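Below is one structure, written out as structure tokens, with a few remarks after it.
There are 2 protein chains.
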Amino acid sequence: MPAMPPVLPHPAAAVPTEPADGTPAFSPLYQQIKGLLTRELQAGVWKPGEAIPSELELASRFKVSQGTVRKAIDELAAENLLVRRQGKGTFVATHAEQQVQYRFLRLMPDDGVPRDMARRLVDCQRLRAPAPVARALDCRSGDAVIQMRRLLLAGGRPVVFDEIWLPGNLFKGLTAERLAEYKGPMYGMFEAEFGVRMIRAEEKIRAVSADASSAQMLSLPVGSPLLSVERLSFTYGDRPVELRRGLYNTEQHFYRNELN
Amino acid sequence: MPAMPPVLPHPAAAVPTEPADGTPAFSPLYQQIKGLLTRELQAGVWKPGEAIPSELELASRFKVSQGTVRKAIDELAAENLLVRRQGKGTFVATHAEQQVQYRFLRLMPDDGVPRDMARRLVDCQRLRAPAPVARALDCRSGDAVIQMRRLLLAGGRPVVFDEIWLPGNLFKGLTAERLAEYKGPMYGMFEAEFGVRMIRAEEKIRAVSADASSAQMLSLPVGSPLLSVERLSFTYGDRPVELRRGLYNTEQHFYRNELN
DNA sequence: AAGTGGTCTAGACCACCTG
DNA sequence: AGGTGGTCTAGACCACTTA
């Protein structure tokens, strides 16, 4: 190609390294675009499952080249915030249409074939946050929270006993009835009914002995070894919005993990 | 920029969809480059920790543009086969220089500060592969394998009891002495001494009760709940090259995992 | 046929590291 | 100063989907 005069430095581009600054301070254009898109996602401009504007459209809107918005979208797709579908568009990720299994549940039956599990709600109540729960959810001890307990069953037998804590202010009106009537993944309901989207989670896994109540819930002898899975889930901006403690009976299931 | 005549279709490029074929069959150029690089990595053309040729160099060698090489390297870096370092080059990933911790060990002390752990070899012997081990390592039952058992200690107290199985043909000459004298991560030794590089691994996690021998090893009462972590590690080409079963005392440690 | 994501190029320039 | 990875552009063309 023939030589061209230097590309005129893009207005928003550059953002040259701010010299007299304590921190790194340098944000490439595509990172800024990514930030803009993230904010629009967070604001709910596009609902889960919906398509966002095309790359060309976004490029002209932000006055950058397609390649630059592409790179921004690439990263958001890698973080599972967006899903690309060739020929169709780019869509806001959702927990609602996970055909196979719950996206965050790593439990697999020993034979490796993922079957779907039945849910049984044990109870669901509003109460004041105990100190450790408040600490995890980054709210004040004593604030209103929702506590929910439930079972997951495989082939009619209980395998997981979950205790779930949610901040009360985000889940106003969440009751046992609404939980019972909703079909599909619970995180799908959180998106659709409460506008709370789980982006990522951290889990702490331990082996523990079944106490009296969990043993009864899981129809196991007291003292049986159980997998304790403590999960803290985050929405946009790394805000913690769910604390969950699951007790897994791993006699016929295992927790699958990939390392790389 | 002025319009140019259509870019002449790149020789290796295109690889048009083979119509009368049963499988998808279409490989973009950068995927082919990625394949070539992977084969060279596998062949040991560049040793772990060494730099590979620069992007420009590779581009001219493969007769493609820098961007195409770049995309190939991007994927290899995402798979942790390569490590990019701005201004310096792109390097073959290695387990040897993990300053923080073992790359595959997800165990964390409760306070969250990763301290490094001491190793204590229990025994190491050559023997014939039991059926389940042979199945996992994809060799014949009865083939020579190396079995190794060891402890990891935190603050002088045993926390992990590992039983490790390696295919005998790949690890000729691995003895207790050589293990004992080697400093640094074991996977680093596997790279340097045996040319076997662990790329990724799958883990199956369960809760179990300590039996007599594991209880003794970990200085715990028989029946204590333990985390059982069964790991199958793979080299290039998804060849399984290590089977490992770890029993973790999770009283003061937990297995950390991230979901997204 | 039109629209969307996906690939590829050639070239310019920037940020970072090392002589 | 020179090399390496990192960003950005403009434009062409390909693959996939839908109408």
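Just so you know, the sequences run in chain order A and B. Okay, so the first sequence: first residue is 1 according to the numbering used here, each after it adds one. Okay, so the second sequence: first residue is 1 according to the numbering used here, each after it adds one. Cβ atoms here follow ideal geometry from the backbone N, Cα and C, with glycine treated the same way. Just so you know, these numbers come straight off a predicted model, no measurement behind them.
The C-alpha of Arg-245(B) lies about 9 angstroms from the C-alpha of Glu-203(B). If you draw a straight line from the Cα of Ala-215(A) to the Cα of Leu-121(A), it is about 17 angstroms long.
Between the alpha carbons of Leu-137(B) and Phe-171(B) lies a gap of roughly 13 angstroms. As for any alpha helix (DSSP H) of minimum length 4 sitting wholly inside the region 84-149 of chain A, the runs are 131-137, ordered along the chain. Of all residues in the region 195-219 of chain A, those with a C-beta nearer than 8 angstroms to a C-beta of chain B are Ile-199, Arg-200, Ala-201, Glu-202, Glu-203, Lys-204, Ile-205, Arg-206, Ala-207, Val-208, Ser-209, reading in chain order. DSSP places Phe-62(A) in no beta strand (DSSP E) but in the uninterrupted alpha helix (DSSP H) bounded by 55-62. When CB distances to chain B are screened at a threshold of 7 angstroms, the residues of the region 100-128 of chain A falling below it are Phe-104, in chain order. Counting along the chain, Ser-214(B) sits inside the alpha helix (DSSP H) bounded by residues 212-217. Residues of chain A with a Cβ closer than 7 angstroms to the Cβ of Glu-79(B) are, in chain order, Asn-260. Selection Pro-114(A), Ala-180(A), Arg-103(A) evaluated against Ala-201(A) yields Arg-103(A) as nearest (Cα-Cα).
Against Tyr-182(A), chain B offers no close residue; the least beta-carbon distance is about 22 angstroms (beta-carbon pairs closer than 7 angstroms).
Here Asn-249(B) is buried: its Cβ has 16 or more other Cβ atoms, across all protein chains shown, within 10 Å. Of the candidates Phe-91(B), Thr-235(B), Arg-231(B), Ile-199(B), Arg-231(B) places its Cα closest to the Cα of Tyr-255(A). Separation of the CB atoms of Met-217(B) and Pro-158(B) is rounded to 6 angstroms, and the pair is thereby assigned contact status at 8 angstroms. DSSP places Phe-190(A) inside the alpha helix (DSSP H), whose first and last residues are 186-194. In this model, Ser-54(B) and Lys-71(A) are separated by some 22 angstroms (Cα to Cα). In the DSSP assignment, Asp-162(B) falls within the unbroken beta strand (DSSP E) covering 157-167.
Residues of chain A with a Cβ closer than 7 angstroms to the Cβ of Asn-169(B) do not exist, since the nearest Cβ in that chain sits about 24 angstroms away. For Ile-33(A), there is no enclosing beta strand (DSSP E); the residue is found in the alpha helix (DSSP H) stretching over 29-42. Listed in chain order, the positions of the region 226-257 of chain A with a beta carbon within less than 7 angstroms of a beta carbon of chain B are Leu-226, Leu-227, Thr-250, Phe-254, Tyr-255, Arg-256, Asn-257. Pairing Gly-89(A) with Leu-58(A), the inter-Cα distance amounts to about 12 angstroms. If the five residues before and after Phe-91(A) are omitted, its C-beta is found closer than 6 angstroms to the C-beta atoms of Ala-51, Val-83, all from its own chain and listed in chain order.
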